[in-house]
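A short write-up of the structure that comes next.
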Amino acid sequence: MAQVVLENVYKSFPPRRGESTPSGKKTDAEPAGTVNVLRRINLTIPDGEFMVLVGPSGCGKSTLLRLIAGLEVMTGGNIWVGDRLVNDLPPKDRDIAMVFQNYALYPHMTVYDNIAFGLRRRSQAEEPRQTQDSQLPTWAENLLVGATRKLPKGLRYVSDREREVDQQVRAVAQLLQIETLLHRLPKQLSGGQRQRVALGRAIARNPQVFLMDEPLSNLDAKLRAETRAQIVKLQRQLGTTTIYVTHDQTEAMTMGDRIAIMNQGQIQQVASPLELYNHPANRFVAEFIGTPPMNFIPVEFHAPLLITHSQFRLTLPDIWATALQKYDGQTLILGIRPEHLIVSVPATKNLPVQVDLVENLGNDSFITVALTETDSQFAHAAKSLQVRVPPDRLVTVGEQLWLSLTAEKIHFFDPD
Ligand code: ADP
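In UniProt numbering, the protein residues as written are 1 to 416.
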């Protein structure tokens with residue numbers, strides 16, 4: 001097990017053919033068309049942590065994971081695994097196991113051989129590691145207590161190493177409950193079973209770090225939720241430092257000890273799921289985390305009042321007075337989550353809205369509303385708001401409502 005440290009990690013891709021400057025002149029500056037995919041990433045993942053990298057498609061998550069794995073070469077920066085600087089080490093020497101979205105199993109090998117493959121190869125290719133390999137990891141030892149360590153009568157292992165491989169494969173199979181599938185080929189497995197085998201292959205190698213790149217995205221919703229829970233449980237059991245890439249904020253929120261939110265090659269915030277939800281560092285994070293997303297309303301601040309238009313006047317609690325001092329007389333963006341807008345009574349401190357859409361999910365109900373003062377610049381800017389209402393509160397399309405804002409749940413952001 002090991003901590004992983006990323007220091008000023010930088011990655012740019014050269015221009016693709018046909019994308020460089022038409023003159024073709026060489027300069028010291030970056031050639032036109034250079035794609036800066038990651039810009040100065042600094043991140044420490046402590047030993048044993050489950051860290052999720054999340055962000056929209058194309059923000060650089062997979063590239064960062066591939067740099068850690070050694071599958072891609074950094075443009076600049078340092079990567080440590082434990083106390084080893086791994087910048088120049090090939091993937092096989094980094095003591096890392098990666099699980100991919102498409103499982104990457106060998107189609108012509110049985111489940112048993114897929115899991116055993118990395119173990120056998122390691123014992124052949126890496127002599128210096130043999131002393132370390134000759135011991136089963138503690139979790140595997142524990143699993144094997146009480147289980148038979150002997151082959152059926154008449155059979156013998158060809159070597160001590162093969163016996164160890166066999167024990168390790170069976171221990172992993174037991175851990176993942178795929179013992180009955182060991183003789184099958186990948187094509188004879190369901191998507192969920194293949195993913196378990198891919199996990200098994202990574203676990204069997206007993207690496208210092210797991211890297212997982214969207215491992216659940218090929219599974220259907222129910223299986224995804226189940227496998228999500230299994231992976232978290234396994235990771236706790238094994239205690240192996242894990243870096244998990246996803247674009248799905250639900251996965252991030254439910255799996256990560258901490259989450260690093262990325263956008264356009266930069267980390268926006270690193271925090272626990274609840275910290276991100278309750279204290280987003282900026283508007284990008286506020287919008288990315290939460291379903292439906294946070295609402296944003298442009299407001300004018302005239303201490304201690306917030307104004308959106310002629311009818312709405314909200315007196316802010318004292319706590320905001322100093323925080324917002326520099327915005328007095330200016331426009332800023334108010335952020336509020338759907339569950340913190342409450343259907344209330346007509347009053348100047350409440351927002352008048354008209355219901356556009358009602359979505360009842362049974363246990364929850366969401367409505368989409370529009371600010372009713374259409375002559376106001378603010379009403380145009382905040383085109384629609386989403387509000388969570390109790391499912392037994394009947395709301396109809398076209399109805400006029402007044403929304404109160406839970407003052408202590410308001411966030412403020414700089415205007416764009
Ligand atoms: P994510 O995993 O967040 O979806 P990626 O790391 O796959 O994002 O990609 C980040 C950006 O890097 C994208 O804009 C992608 O087009 C670009 N990119 C990835 N690989 C290459 C490459 N080999 N050459 C040029 N651009 C690349």
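Where is the CB? At the ideal position from N, CA and C, for every residue including glycine.
*Report yes if the C-beta of VAL37 is less than 7 Å from at least one heavy atom of the ligand ADP; otherwise report no.*
If you number the sequence shown from 1, residue 37 lands on position 37. At least one heavy atom of the ligand ADP falls within 7 Å of the beta-carbon of VAL37.
*Hey, how far is the Cα of residue 422 from the Cα of GLN266?*
An answer regarding residue 422 cannot be provided, because it is not within the stretch 1 to 416 covered by the chain.
*SER404 - DSSP class collapsed to helix/strand/coil*: Position 404 of the sequence shown, counting from 1, holds the residue named residue 404. In the structure shown, SER404 sits in a strand (DSSP, three-state: E or B).
*Would you mind working out which of LEU276, LEU38, MET51 sits nearest MET255, comparing C-alpha positions?*
In the sequence shown, the residue the question calls residue 255 occupies position 255. For MET255, the closest alpha carbon among the candidates LEU276, LEU38, MET51 is that of MET51.
*Residue nearest to GLY398 in terms of C-alpha spacing, selected from ARG337, ILE178, GLN330, ASP356*: Counted from its first residue, the sequence shown places residue 398 at position 398. Each of ARG337, ILE178, GLN330, ASP356 was checked against the Cα of GLY398, and the nearest Cα belongs to ASP356.
*HIS411 in three-state terms, based on DSSP*: As a first step, residue 411 is located in the sequence shown; it is residue number 411 there, counting from the start. It is a strand residue.
*Measure from the alpha carbon of LEU324 to the alpha carbon of each residue in PHE413, GLN195, VAL37, then state which is nearest.*
In the sequence shown, counting from the first residue as 1, residue 324 sits at position 324. Taking only the C-alpha atoms, the option nearest LEU324 is PHE413.
*Can you have a look at MET98 and say buried or exposed, based on whether 16 or more other CB atoms are within 10 angstroms of its CB?*
Counting from 1 along the sequence shown, the entry for residue 98 is found at position 98. Buried, because 16 or more other Cβ atoms sit within 10 Å of the Cβ of MET98.
*In three-state terms, what does DSSP make of LEU51?*
Counted from its first residue, the sequence shown places residue 51 at position 51. Looking at the sequence provided, one finds Met at residue 51 rather than Leu. It is a strand residue.
*Does the Cβ of GLU63 lie closer than 7 Å to at least one heavy atom of the ligand ADP?*
Position 63 of the sequence shown, counting from 1, holds the residue named residue 63. Per the sequence shown, the amino acid found at residue 63 is Thr instead of Glu. Residue side-chain check: THR63 places its Cβ nearer than 7 Å to a non-hydrogen atom of the ligand ADP.
*Helix, strand or coil: how does DSSP classify GLN188 here?*
One-based indexing of the sequence shown puts residue 188 at position 188. GLN188 carries a helical assignment under DSSP once its states are collapsed to helix, strand and coil.
*To the nearest angstrom, how far is it from the Cα of PHE366 to the Cα of ALA271?*
For the purposes of this step, residue 366 is taken as residue 366 along the sequence shown, with counting starting at 1. For the purposes of this step, residue 271 is taken as residue 271 along the sequence shown, with counting starting at 1. Answer to the nearest angstrom: the Cα atoms are 28 Å apart.
*Taking only runs that begin and end inside the region 305-359, name each unbroken beta strand (DSSP E) of 3 or more residues, in chain order.*
Correct list: 305-307, 313-315, 330-336, 341-343.
_Which of the three DSSP states is assigned to GLU72 in this structure?_
Position 72 of the sequence shown, counted from the first residue, corresponds to residue 72. Coil.
*Outcome for GLY70 when other beta-carbon atoms lying within 10 angstroms are tallied against a minimum of 16*: The sequence position of residue 70 within the sequence shown is 70, counting from 1. In this structure GLY70 is buried. Its beta-carbon is surrounded by 16 or more other beta-carbon atoms within 10 angstroms.
_Exposed unless 16 or more other CB atoms sit within 10 angstroms - verdict on ALA198_ = Along the sequence shown, one-based indexing puts residue 198 at 198. It is buried - the Cβ of ALA198 has at least 16 other Cβ atoms within 10 Å.
*Mind checking LEU403: buried by the 16 CB within 10 Å criterion, or exposed?*
Counting from one through the sequence shown, the residue named residue 403 turns up at place 403. Flag for LEU403 reads buried.
*asked:* Helix, strand or coil, according to DSSP, for ARG149 in the structure here?
replied: As a position in the sequence shown, residue 149 is number 149, starting the count at 1. Residue placement at ARG149 is poorly supported in this model, since its pLDDT is 44, which falls under 50; the coordinates still yield a value, given next. Coil at ARG149, not helix or strand.
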